[in-house]
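For reference, the structure is listed below as structure tokens.
Have a look at this one:
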């Protein structure tokens, strides 16, 4: 049975209090392949100001940091953020903020890269719509918006397909689809503003 509303912050806090790596970001072959595909989708492009929504313990953040002059990484779990800060302590261009998007918005912007990896399906349709409004307002002309989502069954408010397609539809007047990739377990959608 699916959750009806957006998942609350304490859901994620409990996950990271119970395990240093609750989704096996550090050890999973699935995660490693998805991270490789995520970075490859950027095609070597360098970004001035990036935003990662849902940075968790910083495993993807560490890879993304090499593509950006400045990176704001946000998560709802303070425990996860502590681990991410420790992982990236030598990366002065990366800042971390505890925020629950779409209602708590990060500092900085406008951004020329925004990454939502395995995040949007935790929101209900109302919050997905608010997130789309924020993404449009927080991005600059020519910005990339990269959506990466698990497409298997979950009990989250939305499936990966519903979340990605909902954002694409709501942002269609601002972003165009640059490329899409469907794998057996996840989808990757790269949108470009303008």
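Numbering (the working numbering), first residue to last: 33 to 226. Backbone N, C-alpha and C define an ideal beta-carbon position, used for all residues, glycine too.
Quick one: measure Cβ to Cβ for residue i and residue j, integer angstroms, because I've assumed they're closer than 8 Å.
{"i": "residue 123", "j": "residue 152", "result": "The Cβ separation is near 26 Å, so there is no contact."}
{"i": "residue 119", "j": "residue 94", "result": "6 Å"}
{"i": "residue 171", "j": "residue 179", "result": "About 13 Å separates the two Cβ atoms, so there is no contact after all."}
{"i": "residue 102", "j": "residue 81", "result": "5 Å"}
{"i": "residue 91", "j": "residue 129", "result": "No, residue 91 and residue 129 are not in contact; Cβ-Cβ is about 18 Å, not under 8 Å."}
Using the Cβ count rule (16 or more neighbours within 10 Å means buried), how would you classify residue i?
{"i": "residue 125", "result": "exposed"}
{"i": "residue 33", "result": "exposed"}
{"i": "residue 146", "result": "buried"}
{"i": "residue 208", "result": "exposed"}
{"i": "residue 68", "result": "exposed"}
{"i": "residue 221", "result": "buried"}
{"i": "residue 218", "result": "buried"}
{"i": "residue 84", "result": "buried"}
{"i": "residue 70", "result": "buried"}
{"i": "residue 205", "result": "exposed"}
{"i": "residue 159", "result": "buried"}
{"i": "residue 184", "result": "exposed"}
Considering only C-alpha positions, which residue in the set the options is nearest to residue i?
{"i": "residue 189", "options": "110, 154, 118 and 63", "result": "154"}
{"i": "residue 66", "options": "191, 206, 210 and 149", "result": "149"}
{"i": "residue 175", "options": "143, 76 and 114", "result": "143"}
{"i": "residue 106", "options": "137, 40 and 94", "result": "137"}
{"i": "residue 164", "options": "35, 223 and 81", "result": "223"}
{"i": "residue 117", "options": "61, 103 and 89", "result": "89"}
{"i": "residue 166", "options": "132, 184 and 193", "result": "132"}
{"i": "residue 45", "options": "177, 103, 110 and 162", "result": "110"}
Once DSSP output is grouped into helix, strand and coil, what is the label at residue i?
{"i": "residue 204", "result": "coil"}
{"i": "residue 91", "result": "helix"}
{"i": "residue 191", "result": "coil"}
{"i": "residue 81", "result": "strand"}
{"i": "residue 158", "result": "helix"}
{"i": "residue 150", "result": "coil"}
{"i": "residue 213", "result": "strand"}
{"i": "residue 127", "result": "strand"}
{"i": "residue 177", "result": "strand"}
{"i": "residue 113", "result": "helix"}
{"i": "residue 118", "result": "helix"}
{"i": "residue 137", "result": "coil"}
{"i": "residue 199", "result": "helix"}
{"i": "residue 224", "result": "strand"}
| Length at least 3, wholly inside the segment 48-79: the beta strand (DSSP E) runs in chain order | none
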